[in-house]
Structures are given as structure tokens and as C-alpha cells.
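According to our numbering, the stretch in the sequence shown is residues 2 to 266, in order.
Glycine included, C-beta positions come from ideal geometry on N, C-alpha and C.
In what follows, a single structure is set out as C-alpha cells and then discussed.
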Amino acid sequence: MKKLLIVIFLISAGLLVYAQTDIKKLMPVTTGSSSALKVYTEARKYYEDVALDRAIETFKRALSQDPGFFMANYQLALYYLLNREADNFYKYARAAISCRDKLSNAEEILKQALQNLMSGNSDVAYLGKKLIELYPADPESYNNLASFQSLEGDNDGMIVTLSKALEIAPDPAPFYNQLGYAYLATKQNDKAEKAFDKYIELSPGNPNVYDSKGDYYMYMKMYDKAYESYMKAHSIDPSFSRDKADTARRLYEMSEGRKIEIIQM
């Protein structure tokens with residue numbers, strides 16, 4: 002999701018603050034390097050498409066150009082926290098909190114969230130709500146709140162947040178993906194399927210849409226359909242879904258007592 006950026010030079014701080022247009026006010030991103038910002042924007046796109054390995058690699062590349070880049074450190078810290086990699090979470094959270102740049106108000110809110118989380122306090126959804134109050138037209142506000150609600154186990158709250166995000170997001174596809182999983186977590190399976198189908202409709206060239214639908218089929222124990230969906234993802238991008246496809250095939254053969262037709266690539 003590309004964002005129009007205006008460069009504001011803050012001479013006294015010696016920094017570059019990249020802020021978006023006021024037509025749809027978006028959260029500013031503070032960095033001392035225009036090239037690091039470009040790489041960061043690329044990483045965000047990978048992240049939205051759930052090309053996670055590429056996203057993480059690219060966030061780290063942004064940090065190689067600006068080690069004090071708050072948002073790049075923040076994104077990595079949150080990713081590792083959500084994936085329960087404590088050492089990496091603390092590494093990048095400390096780096097973000099230690100940032101000496103003059104941060105935007107949104108970044109200060111995210112910094113407070115990291116400080117809470119580092120102290121063992123997962124009560125951070127209220128901070129995500131502050132972001133939405135300040136930047137109601139920025140999809141990233143809703144992404145952050147949904148992540149914080151996930152940490153608190155508030156699946157119903159996530160559904161509300163993601164549904165609101167659909168109303169303002171220029172590219173709603175990633176939110177349909179998240180919404181599908183939130184519906185599964187609350188056992189609203191029919192709504193989950195509709196959300197995943199909408200994700201496919203909006204982004205048919207993205208392998209992750211078929212990976213997500215495969216996850217839905219696995220949840221529903223429709224292993225043959227899961228296998229087909231995972232293999233479709235794999236056919237688009239060989240880095241996607243092969244292990245999941247093999248698992249779906251084994252489960253189908255165990256439950257049905259017969260071989261599944263192998264899809265050749």
C-alpha cells in the first residue's frame with residue numbers, strides 16, 4: 002500500500018520526518034534516511050501480502066541504513082512478540098525504545114505500547130484506540146489496534162476493529178484476511194469463509210489468499226480441498242505452503258483411507 006509522502010526538514014533536530022498528506026491524514030514515519038524509508042515502505046508491502054520472510058529481511062535492510070529507525074525496530078519487535086520469539090522481541094523493542102530521534106505523536110504512542118509489553122503488561126489496546134482517534138483514516142491505526150487486541154485475546158474486539166478498517170482502507174484485502182481468522186477464532190465459520198473468499202476476489206495473484214483458504218479448509222477438516230488450495234499457493238510462489246499441502250494430504254489419506262491425487266507442479 003503505497004503512501005504519498007511529504008518531506009519536512011526539521012533543522013533543529015537534524016532529522017527527516019516523512020509525513021503524509023492532510024487529505025487523509027496518515028501517521029508520520031520518522032527516519033534520518035530517505036533510502037531507509039523507501040526500503041521500509043517495501044517491507045510494509047511484503048508484510049501486507051504476508052510474504053513474511055521477505056518482509057522481515059527487508060525491515061532489517063532498512064535498519065542497516067538507519068539503525069535507529071523507530072518504526073522498523075517497532076515492526077520487528079511486534080512481529081517477534083506475536084510469534085513468541087522473546088529474545089528477538091526484547092532486542093528490537095529495546096532498540097525502538099532507545100531511539101533518540103524526535104518521534105511523532107503516533108510513534109510515541111507505539112513506544113509506550115512497547116514499554117508496557119516489555120514490563121509484562123499486555124493491556125495496550127487503549128493505546129491502539131488513541132491511534133485511531135488521531136488517525137482515523139490510516140489503515141495502520143487499525144492494524145496496530147487489531148494486533149494489540151490479539152495480544153489481549155479480544156477476538157470480538159478484533160472483528161469490530163477490522164470491520165471498521167474495511168470502510169477506510171484503500172486496499173481492504175489484508176483486512177479481509179485478518180477478519181477471516183478472527184471469525185474462525187470465534188467459531189463464526191460461515192463468515193470466515195466469506196471473508197477469505199473476498200480476500201481471494203480482491204487479490205487473486207497473491208499466493209497467500211490460497212494459503213489462507215487452505216487454513217480455513219484445514220480448520221473445517223476438508224483436507225482434500227485444503228491440499229488443493231495450498232498447492233495453488235505453492236504454484237504461484239514456491240516458497241509458500243508446500244509443507245502445509247503435504248500435511249493436508251497425509252491427513253486426508255489417514256481419514257479417508259485412500260490416496261489423494263497428487264498435483265504436479
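Using a 10 Å radius around the Cβ and a threshold of 16 neighbouring Cβ atoms, would you call residue i buried or exposed?
i: residue 50; result: buried
i: residue 127; result: exposed
i: residue 216; result: buried
i: residue 204; result: buried
i: residue 63; result: buried
i: residue 159; result: buried
i: residue 31; result: buried
What is the residue span of the beta strand (DSSP E) that residue i lies within?
i: residue 31; result: 30-32
If I follow the unbroken alpha helix (DSSP H) through residue i, where does it start and stop?
i: residue 187; result: Element bounds for residue 187: n/a, residue is neither H nor E.
i: residue 1; result: Not covered by the structure: residue 1. The range shown for the chain is 2 to 266.
i: residue 108; result: 106-119
i: residue 129; result: 126-135
Go ahead and pull the three-state DSSP assignment for residue i.
i: residue 101; result: coil
i: residue 197; result: helix
i: residue 41; result: helix
i: residue 52; result: coil
i: residue 254; result: helix
i: residue 159; result: helix
i: residue 208; result: helix
Going along the chain, which residues of its own chain have a beta-carbon closer than 8 Å to the beta-carbon of residue i, five neighbours each way excluded?
i: residue 148; result: 79, 83, 129
Starting from the C-beta of residue i, find all residues in its chain whose C-beta is less than 7 Å away, skip the five residues before and the five after it, and write them out in chain order.
i: residue 200; result: 174, 177, 178, 181, 210, 213
Near residue i, which residues of its chain fall below 6 Å by C-beta distance, leaving aside the five closest residues on each side in sequence?
i: residue 89; result: 81
_Inter-stretch contact at 8 Å, needing at least 3 Cβ pairs: the segment 219-232 / the segment 28-38_ = no
### Query
Touch check for the segment 65-81 and the segment 91-105: three-plus C-beta pairs under 8 Å?
yes
(Q) Within 8 Å, do at least three Cβ pairs link the segment 227-234 to the segment 186-193? (A) no
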